[in-house]
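Report on the following structure.
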Amino acid sequence: MNQERLMSILLEPRVSEKSTMVADKNNQFVFKVAGNANKQEIKRAVEKMFAVEVASVQVCNIKGKTKLTRSQQGSRQGLKKAYVRLKPGFDIDFLGA
639 MNQERLMSIL LEPRVSEKST MVADKNNQFV FKVAGNANKQ EIKRAVEKMF AVEVASVQVC
699 NIKGKTKLTR SQQGSRQGLK KAYVRLKPGF DIDFLGA
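Put into structure tokens, the structure is as follows:
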């Protein structure tokens with residue numbers, strides 16, 4: 639897999655109360671990923687970008703919400719989230735310190 643593809647898989651880390659709780663409790667980190675990425679690609683991208691070892695990857699697709707504007711109905715764009723569990727002894731520091 640080429641370097642460009644690896645860099646385009648991870649779009650952004652998802653930082654929220656739930657993701658922080660999961661990170662502290664299970665050593666898991668949550669990322670927004672490209673819609674066409676699979677688990678093996680996500681694992682390779684995280685290992686390459688953060689120099690860590692990944693134990694497992696869980697993926698969930700979130701459907702976009704339906705919204706009404708006056709008389710028209712539309713929907714927001716959905717997203718794909720990846721829950722990445724690291725092996726013991728590894729950690730990702732998003733603050734970079």
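Residue numbers are given in my numbering: position 16 of the sequence shown equals residue 654, and the series is strictly consecutive.
Just so you know, even glycine gets a beta-carbon here, dropped at the ideal spot from N, CA and C.
What are the boundary residues of the beta strand (DSSP E) that includes Ile680? Taken as a continuous stretch (DSSP letters only), Ile680 belongs to no beta strand (DSSP E), being part of the alpha helix (DSSP H) at 677-688.
So, at 6 Å on beta carbons, what are the nonlocal neighbours of Glu685 in its own chain, with the 5 sequence-adjacent residues on each side left out? Val692
Smallest Cα separation from Gly727: which of Ala689, Ser657, Ile680? Per the C-alpha coordinates, the member of Ala689, Ser657, Ile680 positioned closest to Gly727 is Ala689.
Enclosing alpha helix (DSSP H) for Arg643 [first to last residue]: 641-647
For Met705 versus Gly712, is the C-beta distance shorter than 7 Å? What sits at residue 705 in the sequence shown is Lys, not Met. Closer than 7 Å, so yes.
What does the alpha-carbon distance come out to for the pair Leu644 and Thr707? Looking at the two C-alpha atoms, the distance is approximately 38 Å.
Kindly indicate the opening and closing residues of the beta strand (DSSP E) around Ser694. Taken as a continuous stretch (DSSP letters only), the beta strand (DSSP E) holding Ser694 covers 692-700.
Rounded C-alpha distance that separates Val697 from Asn640: 22 Å
Give me, in chain order, the residues of the same chain whose beta-carbon lies closer than 7 Å to that of Ser694; leave out the 5 immediate sequence neighbours on both sides. By the criterion of a C-beta distance shorter than 7 Å, Ser694 is surrounded in its chain by Arg723, once the five residues flanking it on both sides are discounted.
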